[in-house]
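Position 249, counted from 1, in the sequence shown is what this note's numbering calls 370; the numbers after and before it change by one each time, with no gaps.
As structure tokens, the structure follows; a few thoughts come after it.
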Amino acid sequence: MKPKHLLLAILTVVIWGLNFIAIHSGLKVLPPFLLCAIRFGLAALPWVFFIPKPKAKLKLILGYGIFTFAVQFGLLFTGIHLGLSPGLSSLVIQVQVFFSMGLAALLFKDRPSNWKIIGALISFVGVGLVATQVGGGSTLIGLILTLLSALSWAVGNMFTKKVAAESPLALVVWGNLVAFPIMMGISLFAEGPALIYSSYQEISLETILAIIYTVYLSTLVGYGAWGFLLNNYSTGVIVPFTLLVPVVGLLSSVFFLGEALPSWKLWACLFIILGLLFNLLEKQIRGVLLKASHS
């Protein structure tokens with residue numbers, strides 16, 4: 122892997138890890154559905170006028186936009202709004218890897234290996250540990266919503282696989298265009314015009330910077346760079362870098378937000394990342410164990 126591409130991969134996962142801090146900042150003023158709608162609108166417009174629509178069936182693009190953006194981020198933002206910390210959110214959302222694995226087995230007959238199944242079980246031990254420790258009913262609901270967000274991301278991955286877009290950035294932009302009116306409608310219905318208006322009145326520089334970060338850095342730069350890397354390297358080389366996202370998310374929450382880091386969080390982090398390692402680095406782990414058995 123070229124050094125400049127290695128730096129790009131690291132930069133991308135750092136951007137995504139810090140995105141949970143930006144979401145937390147935006148939610149101080151804006152309700153979750155409105156924040157989502159603003160993000161989707163700015164990520165889609167005016168770019169759709171300059172970036173051609175992906176060459177795929179409309180129903181696939183609609184499915185991608187609904188599950189990858191509208192449902193996933195609507196649930197994630199609400200989960201954080203209800204009290205699940207940005208650090209834990211960045212950790213729990215990674216179980217989308219295993220939801221994707223299960224859906225691929227169900228829809229594409231892509232049966233997971235025993236190693237991947239073991240990895241999933243290990244990671245869900247970590248999720249269970251989080252569930253036993255979160256305090257308050259709203260925070261537990263936040264955890265459940267974040268798990269459902271991970272499931273929605275996994276469903277979106279199935280649409281991504283079916284679309285097979287030549288330009289990942291085009292798919293992201295048009296997917297956001299699909300999500301924008303849906304989330305704006307949900308915001309108007311669930312949060313109401315009065316709350317939306319009062320929220321706009323309270324927007325600060327911090328809120329604006331948070332929106333800029335989630336739209337342009339996390340969405341357009343992050344997904345665009347990730348698509349470039351996936352087009353130039355194998356999935357097995359690139360995907361393991363996502364293991365750094367929860368690490369950056371958790372550490373940045375501790376550093377910027379003063380989030381406590383008790384031992385149970387470290388254990389939960391260990392279980393989830395260990396399970397991800399089993400899933401993403403199966404070939405490498407098998408190779409090491411095979412060499413060890415022959416030595």
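Each residue gets a CB set at the ideal place from its N, CA and C atoms; glycine is no exception.
Leaving out five residues before and five after residue i in sequence, what residues of the same chain have Cβ atoms less than 7 Å from its Cβ?
{"i": "residue 150", "result": "320, 323, 324, 325 and 328"}
{"i": "residue 231", "result": "225"}
{"i": "residue 316", "result": "152"}
Quick check on DSSP: helix, strand or coil for residue i?
{"i": "residue 327", "result": "helix"}
{"i": "residue 207", "result": "helix"}
{"i": "residue 407", "result": "helix"}
{"i": "residue 171", "result": "coil"}
{"i": "residue 237", "result": "helix"}
{"i": "residue 122", "result": "coil"}
{"i": "residue 412", "result": "helix"}
{"i": "residue 195", "result": "helix"}
{"i": "residue 180", "result": "helix"}
{"i": "residue 288", "result": "coil"}
{"i": "residue 337", "result": "helix"}
{"i": "residue 383", "result": "coil"}
{"i": "residue 218", "result": "helix"}
{"i": "residue 282", "result": "helix"}
{"i": "residue 364", "result": "helix"}
{"i": "residue 185", "result": "helix"}
Let me know if residue i comes out buried or exposed under the rule of 16 or more other beta-carbons within 10 Å of its beta-carbon.
{"i": "residue 385", "result": "exposed"}
{"i": "residue 413", "result": "exposed"}
{"i": "residue 409", "result": "exposed"}
{"i": "residue 145", "result": "buried"}
{"i": "residue 122", "result": "exposed"}
{"i": "residue 380", "result": "buried"}
{"i": "residue 404", "result": "exposed"}
{"i": "residue 234", "result": "exposed"}
{"i": "residue 318", "result": "exposed"}
{"i": "residue 176", "result": "exposed"}
{"i": "residue 140", "result": "buried"}
{"i": "residue 173", "result": "exposed"}
{"i": "residue 422", "result": "Because the chain in this structure spans residues 122 to 416, residue 422 falls outside the shown range and cannot be described."}
{"i": "residue 178", "result": "exposed"}
{"i": "residue 352", "result": "exposed"}
{"i": "residue 399", "result": "buried"}
{"i": "residue 285", "result": "exposed"}
Only counting the same chain, and skipping five residues up and downstream in sequence, which positions put a Cβ closer than 8 Å to that of residue i?
{"i": "residue 299", "result": "182, 183, 185, 186, 187, 190 and 191"}
{"i": "residue 154", "result": "195, 198, 199, 304, 307, 308, 311 and 312"}
{"i": "residue 148", "result": "156, 198, 201 and 202"}
Can you list, in chain order, the residues of its chain whose CB lies under 6 Å from that of residue i, leaving out five sequence neighbours each side?
{"i": "residue 280", "result": "181, 184 and 185"}
{"i": "residue 278", "result": "221"}
{"i": "residue 377", "result": "142"}
{"i": "residue 291", "result": "172 and 175"}
{"i": "residue 289", "result": "348"}
contact_flag[the region 151-166, the region 302-311] where n(CB pairs < 8 Å) is 3 or more: Contact between the region 151-166 and the region 302-311 is present, because at least three Cβ pairs lie under 8 Å.
Stretch-stretch touch, CB-based, cutoff 8 Å, three pairs: the region 253-272 with the region 215-230: Yes, the region 253-272 touches the region 215-230.
Validate contact between the region 243-258 and the region 206-220 using beta carbons, cut 8 Å, 3 pairs: yes
Segment contact, 8 Å Cβ cut-off, at least three pairs: the region 289-299 with the region 333-347: Yes, they touch.
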